[in-house]
Amino acid sequence: MDKTYLLTDLIYLMKRLRQEDTGCPWDIKQTFTSIIPHTLEEAHEVAVAIEQQDWPHVEEELGDLLFQVIFYSQLGYEKQLFDFDSIVNVLVTKLIRRHPHVFPGGDLQAQRDPNDYLNEEEIKIQWQAIKAEEKALTAERGKTNSHSLSLPLVEYLQDIPISLPALTRAEKIQKKVSLRGFDWTEIEGVLAKVREELGEVEDEILTADPQRLRHEIGDLLFAVVNVARHLSVNPEQALSQANLRFSERYSLVAQSLAAQDRSLELGNINQVSVQEMETAWGEAKQLHPQLLARLAAANDDL
């Protein structure tokens, strides 16, 4: 019977990988900064596996993401900054504090009275109050983020990391200001803003000013994110799925043309006319959902 490993084994494994004389050379030379790209990649791979409902792969990718946390905790331990136990302690303490409607008196073992019920709106208000208290404590400790911007931001926008993907950050900014009433109440106003921004992009095309075009295209993207937010659609996920959908359909186009001895490879692009590509694209759009349905059915039969 295969051995079943536990979290303690993973922590021990990480220590072994980092041992100076007997560890792995690649793992030994890594730093907090050097593994950031790997962390972002692993988080993205988790999201993709979930979106594709590839559950065995989700299990594997969650393990890879957990390994990133263990890696950071080992680096923190070596520099006497923190370790895995302290990370868990900070996390559990924070989650208990943020859920007083579940853990009365801040006690992990305490059970609330089932009749003492808060609705979603009351929980949301309570959440905002708790976040405000946490922010005040952070400010007292002198740990507020400072951004090298030409103009200062209001405190609740400073709290949004600049390092976030642009679509995600746009959505978070919009949510923050919406809580203060700076928002449209109806989707029609949001859609009108998209049309306005698209018109401004079209106007700037005539000027051929790259800086102005970048400015207006940015405004257009920001407005589209606002549409997604109002419709409860995650813009990052929507674009990720659109990327995959386009890539799969384009691949169908390329395969279809290749079967006719027509190539889309570099150096051969003049072999295929625009009309031929449009026809192949239309066929791929029709075929694509059928192939996905067959794939899903085949997976269900496994």
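Using our numbering, read the sequence shown as starting at 1 and increasing by one per residue. Just so you know, even glycine gets a beta-carbon here, dropped at the ideal spot from N, CA and C.
query	result
Nearest to I217 (by Cα), restricted to the options V225, V201, I87	V201
Coarse secondary structure for R229, derived from DSSP in three states	helix
Where H215 falls: helix, strand or coil (DSSP)	helix
K175 versus A49: straight-line alpha-carbon distance, rounded	27 Å
Reference Y156, options A129, W184, E196, F84, closest by Cα	A129
Integer-rounded CB distance, given that H230 should sit under 8 Å from V343	Since the first residue shown for the chain is 1 and the last is 302, residue 343 is missing from the structure and cannot be characterised.
Cβ contact check for the region 81–99 and the region 63–73: 3 or more pairs under 8 Å	yes
Where N119 falls: helix, strand or coil (DSSP)	coil
Straight-line Cα distance separating R249 from L91	43 Å
Span of the alpha helix (DSSP H), counted from its first residue to its last, around A208	Segment: none, A208 is in no alpha helix (DSSP H) and carries neither H nor E.
Burial state of I187, where buried means 16 or more other Cβ atoms lie within 10 Å	exposed
Segment contact, 8 Å Cβ cut-off, at least three pairs: the region 219–235 with the region 192–199	yes
Option in L13, K124, N89 with minimal Cα separation from H99	K124
For L75, the three-state DSSP class (helix, strand or coil)	helix
Same chain only: Cβ atoms within 7 Å of V272, ignoring 5 sequence neighbours per side	L257, R262, L264
Coil, strand or helix - M14 by DSSP	helix
Between the CA atoms of E236 and F246 - distance to the nearest angstrom	15 Å
Per-residue burial, N145 [other beta carbons within 10 Å of its own, 16 or more giving buried]	At N145, the pLDDT of 49 sits below 50, so the modelled position is not reliable; the number obtained from the coordinates is stated separately. Counting Cβ neighbours within 10 Å, N145 comes out exposed, since fewer than 16 surround it.
Distance CB(V253)-CB(A293) smaller than 7 Å	no
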